[in-house]
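Participant: Starting off with a structure, shown below.
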Amino acid sequence: MMVGRDVTASVERAAVEPGETVLRVSVLSRRDAAGVARLKDVSFSLRAGEVLAIAGVDGNGQTDLADCLAGLRMPTSGGIDLGGRDITFAPVRERLQAGLAYIPVDRATTSLVPAMTVADNLALREFDAAPFSRAGFLTLGGFRARARERMRDFDIRAAGPQSPARTLSGGNQQKIVVAREIGRRPKVLVAFQPTWGLDPGATRFVIDQILALRAAGGAILYLSAALDEVLMLGDRIAVMHGGRLSPPRPRGDVDVTEIGLLMAGIDPAGIRAA
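Everything in the sequence shown is counted per full-length UniProt numbering, starting at 1 for the first residue and increasing by one.
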């Protein structure tokens, strides 16, 4: 459990009235190749303009949940509905077209191709659409123009669009991922420890971009071991432990001690009864 960073101390959260439900996950379960249950009947909904923040110690099912939503792994049972569309077993491309975006925890191996340029990495989600492609042909000018725009808007500091991503700092590499995913203005963003390994300045930048998406009506599922970020960002807050998800609660009803107990696998009701 990570606490104590001060980057969230002065963050301003705009007042946003949540809209319609855009993501619904129903009794989602998953077993791995060895038959071990990684997700156990996980259910929740997510509305436009809302952040559902899930706290949890690493290794309690967060990776499986995020990857099942993104289409990188498939559940054993249960359902995922995005905007009225069943995407439970849909390919990744179909999920992207339905309005899903994903910021995974490991930018170096999952969300970036370090040997590719900044421009190419920014185009990975949309390379077959304008301005990157015209009449079925890739357009170098389109790649560079969009890259310059994203570099400006998301403060990506590199020598230029043709710089290899591996030459950038960790914070600027993560800005590429954030620019690519949030820049598309998705309906739903799954953000899995998006500030992991970042310095305070880059952490604050990522948090501000996520809150800007929320203010614009985006729905965000935020999974993190950083309890201060969970408490600051979440409109509703839940805890994952042992592959199970606690019932989400409004931020005003959350007790920090209870969250800590849930993260440790202890039922707060049992403590109170004793």
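Yeah, the Cβ is synthetic: ideal placement off N, Cα and C, and Gly gets one too. Computed from a predicted model, the values in this text were never measured in an experiment.
Note down the Cα distance separating F143 from V118, rounded to an integer number of angstroms.
Facilitator: Answer to the nearest angstrom: the Cα atoms are 10 Å apart.
Participant: So the beta strand (DSSP E) T117 belongs to, where does it begin and stop?
Facilitator: That residue, T117, is in no beta strand (DSSP E); it is neither H nor E in DSSP.
Participant: To the nearest angstrom, report how far apart L168 and D155 are at their CA atoms.
Facilitator: Whole-angstrom Cα-Cα distance: 12 Å.
Participant: Any contact between the stretch 202-209 and the stretch 19-30? By contact I mean 3 or more CB pairs, one from each, below 8 Å.
Facilitator: No, because fewer than three Cβ pairs between the stretch 202-209 and the stretch 19-30 fall closer than 8 Å, the two stretches do not touch.
Participant: Tell me the DSSP secondary structure of I259 in three-state form.
Facilitator: Helix.
Participant: Could you pull out every residue in the same chain whose Cβ sits closer than 8 Å to the Cβ of A158, ignoring the five residues on either side in sequence?
Facilitator: Taken in chain order, the residues that qualify are V118, M151, T167, L168, N172.
Participant: Do the CB positions of F44 and V25 come within less than 9 Å of each other?
Facilitator: Their beta carbons are under 9 Å apart, which means F44 touches V25 by this criterion.
Participant: Alpha helix (DSSP H) containing R93: first to last residue?
Facilitator: Unbroken alpha helix (DSSP H) run through R93: 92-98.
Participant: Would you call the stretch 218-228 and the stretch 188-204 in contact, with 3 or more CB pairs under 8 Å?
Facilitator: Because the criterion of three Cβ pairs below 8 Å is met, the stretch 218-228 and the stretch 188-204 touch.
Participant: Is it the case that the stretch 34-48 contacts the stretch 66-86, given that we only count it when at least three CB pairs across the two stretches are under 8 Å?
Facilitator: Enough Cβ pairs lie closer than 8 Å, so yes.
Participant: Going by CA-CA distance only, name the one from R236, G265, E181, L261 that's closest to G252.
Facilitator: Taking only the C-alpha atoms, the option nearest G252 is R236.
Participant: Looking at V22: is its Cβ nearer than 9 Å to the Cβ of L69?
Facilitator: In this structure, L69 does not lie closer than 9 Å to V22 by Cβ.
Participant: Bridge partners of A101, per DSSP?
Facilitator: L189.
Participant: Does the Cβ of G183 have 16 or more other Cβ atoms within 10 Å, making it buried, or fewer, making it exposed?
Facilitator: Buried.
Participant: Using only the alpha-carbon positions, how far apart do S163 and G217 sit?
Facilitator: C-alpha separation (whole angstroms): 33 Å.
Participant: On the DSSP bridge assignment, give the partners of I80 in chain order.
Facilitator: In DSSP, I80 forms a bridge with V25.
Participant: Buried or exposed: where does A165 fall if 16 or more other Cβ atoms within 10 Å of its Cβ makes it buried?
Facilitator: Buried, since its Cβ has 16 or more Cβ neighbours within 10 Å.
Participant: Do you know offhand how far N60's Cα is from G243's?
Facilitator: About 5 Å.
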